[in-house]
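Just add 162 to wherever you are in the sequence shown, counting from 1, and you've got this note's numbering. Quick reminder that beta carbons are idealized off the backbone N, C-alpha and C, glycines included. Quick caveat, the model's predicted, so the values are computed rather than measured. Notes for the one structure printed next.
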Amino acid sequence: AEIRRLVVQTKLPWLQEIEQLKVVDRSSLQKRLKAVVKAGGEGLMLHRADAAYETGRSDTLLKLKPWADAEAIVVAHQPGKGKYAGMLGALRVRSADGREFSLGSGLSDEERRHPPALGSEVTYRYRDLTNKGMPRFASFLRIREE
């Protein structure tokens, strides 16, 4: 009620009340996630009910998205072909478990012209892992800056 009053009182277009729901089991959580994604949302934020808000990263606030994401270190630049000739074709990256793979999708033309430096950490997303532990449908998201 207090948040709703602040939203109405301040009339700031970027301030809005966010619906909060308790879920009783994994099935209801998955149903809610599907509904949010179907409506155009990225996913859900899960907050431990008995925890106070903390700034920064915290294990009391988690993202739940249909895609997983992870970090990797850039170990090589692979040249582009065709419309990407003269630019980056893909990043060769190494994950925390030592697996190397290429990230080509998700890169903008600007990122292809000025790719992340060798040794930099990047975040990528993927659907799941193959039987050999490689990320399936991996796609570049951003350079990790922390």
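Of the residues assessed, Phe302 falls on the buried side of the cut-off, its CB having 16 or more other CB atoms within 10 angstroms. DSSP places Asp271 in the helix class (H, G or I) of the three-state scheme. Taking the CA atoms as reference points, Met207 sits about 6 Å from Leu224. Around the beta carbon of Pro228, a 10 Å sphere encloses fewer than 16 other beta carbons of the protein chains shown; the residue is thus reported as exposed. Arg256 is not a Cβ neighbour of Glu283, given a cutoff of 8 Å. Taking C-beta atoms as the reference points, Gly248 and Gln240 fail to come closer than 8 Å.
Nearest to Ala258 by alpha-carbon distance, out of Thr285, Gln192, Val170 and Gly244, is Thr285.
Short of 8 Å from the beta carbon of Arg194, and not among the five residues preceding or following it, lie these beta carbons of its own chain, in chain order: Leu183, Val185 and Leu206.
Between Arg254 and Gly295, the C-beta spacing is not below 8 Å.
The DSSP-derived three-state label of Gln240 is strand. Closest in C-alpha terms to Ala232, from the list Asp290, Leu191, Thr217 and Glu179, comes Asp290.
Rounded to whole angstroms, the Cβ separation of Tyr288 and Ala234 is 10 Å, and the two are not in contact under 8 Å. In the DSSP annotation of this structure, the continuous segment of the alpha helix (DSSP H) that includes Ile165 starts and ends at Glu164 to Thr172. Given a length threshold of 3 residues, each whole run of the beta strand (DSSP E) inside the stretch 170-210 is given here in chain order: 206-209.
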